[in-house]
Amino acid sequence: MISKLSKILTFVFLFTITTGFIPIFALIGPGITVVSSGNVYKAGAQYLIDHTMKKKTGKSTLEHFSDEIKTQNKEFNMNEELRKLVERRILETRAKLDLTKFNQ
Numbered sequence: 011m012i013s014k015l016s017k018i019l020t021f022v023f024l025f026t027i028t029t030g031f032i033p034i035f036a037l038i039g040p041g042i043t044v045v046s047s048g049n050v051y052k053a054g055a056q057y058l059i060d061h062t063m064k065k066k067t068g069k070s071t072l073e074h075f076s077d078e079i080k081t082q083n084k085e086f087n088m089n090e091e092l093r094k095l096v097e098r099r100i101l102e103t104r105a106k107l108d109l110t111k112f113n114q
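If you read the sequence shown in this note's numbering, its first letter stands for residue 11, the second for the next number, and so on.
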């Protein structure tokens, strides 16, 4: 039993080292799901979603997710810059109008 487990672990370790780490996660993820929850259907759905995402986008789910976060951060930064620009323009306009004369 122990020798079988050591052979499997050796194979997984060598496969991980020689493939660049990332492709193995697509196989380990559903395996961990089966072991932790015992739900084969959930693991199959997870593998199917990962495979479909890779086929449609050309990226793994992790790469796709990180790209979406980067895009959202860029949009947030652009909104922040626009807000600062508008606030600065409002302050400049108020200074030019000299609104103290209108409040009397």
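Glycine is no exception: its CB is placed at the ideal position from the N, C-alpha and C atoms. A quick note: this is a predicted structure, and the numbers were derived from the prediction, not measured.
Exercise. Ends of the alpha helix (DSSP H) at K69?
Worked result: Per DSSP, K69 belongs to no alpha helix (DSSP H) and is neither H nor E.
Exercise. I think H74 touches T67, with their Cβ atoms under 8 Å apart; what is that distance to the nearest whole Å?
Worked result: About 5 Å; that satisfies the 8 Å criterion.
Exercise. According to DSSP, is G54 helix, strand or coil?
Worked result: G54 falls in the helix class under three-state DSSP.
Problem set entry | Contacting residues, own chain, Cβ-Cβ under 6 Å from L15 (five flanking each side not counted) | Excluding sequence positions up to five before and after L15, its CB lies less than 6 Å from no other CB in the same chain.
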